[in-house]
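Participant:
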Amino acid sequence: MSEKFQVLCIGNAIVDIIARVDDAFLEKHDRIKGSMMLVDADTSARIYDDMPPAVERSGGSAGNTAAGIASLGGKAAYIGRVHDDQLGMVFRHDIRAVGVSYETAPASEGAPTATSMILVTPDAQRTMSTYLGACGELSLSDIDEDVVANSAVTYIEGYMWDRDHQKEAVLHAMDVARDNGKLVSISLSDSFCVDRFRSEFVDLVENKVDILFANEAEITSLYQVDTFEEAMERLRPHVKLAALTRSEKGSVILTADEMVTVPAHPTTVEDTTGAGDLYAAGFLHGYTSGKDLETCAKLGGLAAAEVISHLGARPETNLADLAAKEGL
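If you read the sequence shown in the working numbering, its first letter stands for residue 10, the second for the next number, and so on.
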């Protein structure tokens, strides 16, 4: 690989605040189980004040993916904005400490570093209430074109469509990647996110994206169909490469003329936060390392299995070691 980085990940730089709650807590705060809902500072503070003891960890969807790639021994870069405050310093330290290149300048003015209140119910579902703060202020000036041009894949989380200037920034990054002969990848992120931006996402998937990541709920929402099979039928004529995850059913990899089905890697589920992020990490690391599609999917499944076996959205066990043990 001639590029400096295998994958550049662009997303919302967020510190996760994770706690175990019951369903009654979700009802009390009008949360929709399994969703990511954007909240203002007051709502975020109200949920935080009512939460039981919590764990604070650096997160953000694309940041988790970058951390996963680094844990696999890959070369990852990250673009995302934090504030020059305590949580911002925590985020910068954490992502650099795992081996990710992160050079986005912190904001000295404006909103504080973003937080996401992640509520984990006994069924291991995670419900997120996210205050975008500083990360929502990412703009064109934060896109380092040299990093984009020197990354084999530019990977973007779908949550970036929630702010117009963020969307402008990532669309520019996509153009720079394509102009330099590099690949563009996107994760649809959340079925509620798909609902908000369906027409734009359909256009992206069918015209601008080389590698698509989506779970079963997201891809059926994208095409407004009832079954996974119908969604695949609608998607397949348009997509170059899609990695579609199905929780305990594993994943399906689609190209114009190939379909690969890989079972889920066995694990004990404690918290589903980060499952899709780490699947993308394993898959993209494999893909940019020249692995076949089945091996890429197995690496994705392995990384996802590790992260859902504990609280938090970043690996706690070295993924390169796990992959070696599995012969991957």
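For every residue, glycine included, the Cβ atom is placed at its ideal position computed from N, Cα and C.
For Arg90 versus Cys144, is the C-beta distance shorter than 8 Å?
Facilitator: As a position in the sequence shown, residue 90 is number 81, starting the count at 1. As a position in the sequence shown, residue 144 is number 135, starting the count at 1. In contact: Arg90 and Cys144 (Cβ atoms closer than 8 Å).
Participant: Exposed or buried, what is Glu325 when buried is set at 16 or more other beta-carbons lying within 10 Å of its beta-carbon?
Facilitator: The residue given as residue 325 occupies position 316 in the sequence shown. Exposed.
Participant: So within the stretch 240-322, which uninterrupted alpha helix (DSSP H) runs reach at least 4 residues, ignoring any that extend past its ends?
Facilitator: Whole alpha helix (DSSP H) segments, 4+ residues: 284-297, 302-316.
Participant: Does the distance from the CB of Pro121 to the CB of His102 come in under 8 Å?
Facilitator: Working through the sequence shown from its first residue, we reach residue 121 at position 112. Working through the sequence shown from its first residue, we reach residue 102 at position 93. No, the pair does not count as a contact, with Cβ atoms beyond the cut-off.
Participant: Taking the C-alpha atoms as reference points, what is the distance between Ala226 and Ile88?
Facilitator: As a working mapping, residue 226 is identified with position 217 in the sequence shown. As a working mapping, residue 88 is identified with position 79 in the sequence shown. The alpha-carbon atoms of Ala226 and Ile88 are separated by roughly 27 Å.
Participant: Could you please give me the residues that DSSP links to Ile27 through a beta bridge?
Facilitator: Within the sequence shown, numbered from 1, the residue matching residue 27 stands at position 18. Ile27 is bridged to Val64, Ile127.
Participant: Counting only runs of 3+ residues fully inside the stretch 191-238, write out the beta strand (DSSP E) ranges in chain order.
Facilitator: You should have 192-196, 220-224.
Participant: Could you pull out every residue in the same chain whose Cβ sits closer than 6 Å to the Cβ of Ile41, ignoring the five residues on either side in sequence?
Facilitator: Taking the sequence shown and counting its residues from 1, the one referred to as residue 41 is at position 32. Cβ neighbours of Ile41 beyond the five flanking positions: none.
Participant: Starting from Ala33, trace the alpha helix (DSSP H) in both directions and tell me its first and last residue.
Facilitator: Residue 33 sits at position 24 when you count from the first residue of the sequence shown. Counting along the chain, the alpha helix (DSSP H) containing Ala33 begins and ends at 32-37.
Participant: Going by the DSSP bridge assignment, what does Ser110 pair with across the sheet?
Facilitator: Position 101 of the sequence shown, counted from the start, is the residue given in the question as residue 110. The partner list for Ser110 (beta bridge, DSSP) reads Ala86.
Participant: Tell me, which residues are paired with Cys144 by DSSP?
Facilitator: Sequence index remark: in the sequence shown, residue 144 carries index 135 (1-based). DSSP, once it has assigned bridges, lists no residue as partnering Cys144.
Participant: Looking at C-alpha atoms only, which residue of Glu242, Asp39, Val179 is the closest neighbour of Glu267?
Facilitator: As a first step, residue 267 must be located in the sequence shown, where it is residue number 258. The residue with the shortest Cα to Cα distance from Glu267 is Glu242.
Participant: Can you name, in chain order, every residue of its own chain whose Cβ lies under 6 Å from the Cβ of Arg255, other than the five neighbours on each side?
Facilitator: For the purposes of this step, residue 255 is taken as the residue at position 246 of the sequence shown. Closer than 6 Å at the Cβ level, and outside the excluded window around Arg255, lie Glu225.
Participant: Would you give the residue range spanned by the beta strand (DSSP E) that Leu17 belongs to?
Facilitator: For this step, residue 17 is matched to residue 8 along the sequence shown. Looking at the DSSP string, the run of the beta strand (DSSP E) that includes Leu17 is 14-19.
Participant: How about Ala273 and Gly259: do their beta carbons lie closer than 8 Å?
Facilitator: For the purposes of this step, residue 273 is taken as residue 264 along the sequence shown, with counting starting at 1. For the purposes of this step, residue 259 is taken as residue 250 along the sequence shown, with counting starting at 1. The answer is yes: Cβ separation under 8 Å.
Participant: Mind checking Asn216: buried by the 16 CB within 10 Å criterion, or exposed?
Facilitator: For the purposes of this step, residue 216 is taken as residue 207 along the sequence shown, with counting starting at 1. With fewer than 16 other Cβ atoms within 10 Å, it is exposed.
Participant: What would DSSP say about Ile165, mapped onto helix, strand or coil?
Facilitator: Here residue 165 corresponds to residue number 156 of the sequence shown, with the count starting at 1. Of the three classes helix, strand and coil, the one that applies to Ile165 here is strand, per DSSP.
Participant: Please report the distance separating the alpha-carbon of Ser117 from that of Thr304.
Facilitator: Taking the sequence shown and counting its residues from 1, one reaches residue 117 at position 108. Taking the sequence shown and counting its residues from 1, one reaches residue 304 at position 295. Going by the C-alpha atoms only, they are around 44 Å apart.
Participant: Could you check if Ala106 is buried or exposed, using at least 16 other CB atoms within 10 Å of its CB as the buried criterion?
Facilitator: Taking the sequence shown and counting its residues from 1, one reaches residue 106 at position 97. The residue is exposed, with fewer than 16 neighbouring Cβ atoms inside 10 Å.
Participant: Going by beta-carbon coordinates alone, are Ala86 and Thr281 separated by less than 8 Å?
Facilitator: Against the sequence shown, residue 86 aligns to sequence position 77. Against the sequence shown, residue 281 aligns to sequence position 272. Not closer than 8 Å, so no.
Participant: Ordered along the chain, which non-local residues of its own chain (more than five positions away) have a Cβ less than 6 Å from that of Gly82?
Facilitator: Here residue 82 is taken as the residue at index 73 of the sequence shown, counted from 1. Here the set comprises Ala329.
Participant: Under 6 Å Cβ to Cβ from Arg29, same chain only, skipping five residues before and after it: list those, please.
Facilitator: Here residue 29 corresponds to residue number 20 of the sequence shown, with the count starting at 1. So the list reads Val129, once near-sequence residues are dropped.
Participant: Would you tell me roughly how many angstroms separate the C-alpha atoms of His38 and Thr74, rounded to the nearest one?
Facilitator: Along the sequence shown, one-based indexing puts residue 38 at 29. Along the sequence shown, one-based indexing puts residue 74 at 65. Rounded to the nearest angstrom, the two C-alpha atoms are 29 Å apart.
Participant: Using CA atoms only, rank isn't needed, just tell me which of Lys84, Leu35, Gly43 is closest to Pro61.
Facilitator: Position 52 of the sequence shown holds residue 61. It is Leu35 whose Cα lies nearest to the Cα of Pro61.
Participant: Report the residue from Leu302, Ala289, Lys300 whose alpha carbon sits nearest the alpha carbon of Ser80.
Facilitator: Within the sequence shown, the letter at position 71 stands for residue 80. Measuring from the Cα of Ser80, the nearest candidate turns out to be Ala289.
Participant: Using the DSSP secondary-structure output, state which residues sit across from Ser160 in a beta bridge.
Facilitator: Indexing the sequence shown from 1 puts residue 160 at position 151. BP columns for Ser160 point to Phe14.
Participant: Is the CB-CB distance between Ser110 and Glu12 below 8 Å?
Facilitator: Translated into the one-based positions of the sequence shown, residue 110 becomes position 101. Translated into the one-based positions of the sequence shown, residue 12 becomes position 3. Not a contact, by the Cβ cut-off of 8 Å.
Participant: Whole angstroms are fine: how far does the CA of Gly69 sit from the CA of Ala22?
Facilitator: The sequence position of residue 22 within the sequence shown is 13, counting from 1. The sequence position of residue 69 within the sequence shown is 60, counting from 1. About 5 Å.
Participant: Taking all protein chains shown into account, do 16 or more other C-beta atoms lie within 10 angstroms of the C-beta of Asp25, making it buried, or fewer, making it exposed?
Facilitator: Translated into positions along the sequence shown, residue 25 becomes position 16. Looking at its Cβ environment, which holds 16 or more other Cβ atoms inside 10 Å, Asp25 is buried.
Participant: Rounded to a whole number of angstroms, what is the C-alpha to C-alpha distance between Glu257 and Thr270?
Facilitator: As a working note, residue 257 is residue 248 in the sequence shown. As a working note, residue 270 is residue 261 in the sequence shown. Near 13 Å, if we compare the C-alpha coordinates of Thr270 and Glu257.
Participant: What first and last residue would you give for the beta strand (DSSP E) that runs through Leu47?
Facilitator: The residue given as residue 47 occupies position 38 in the sequence shown. Counting along the chain, the beta strand (DSSP E) containing Leu47 begins and ends at 45-47.
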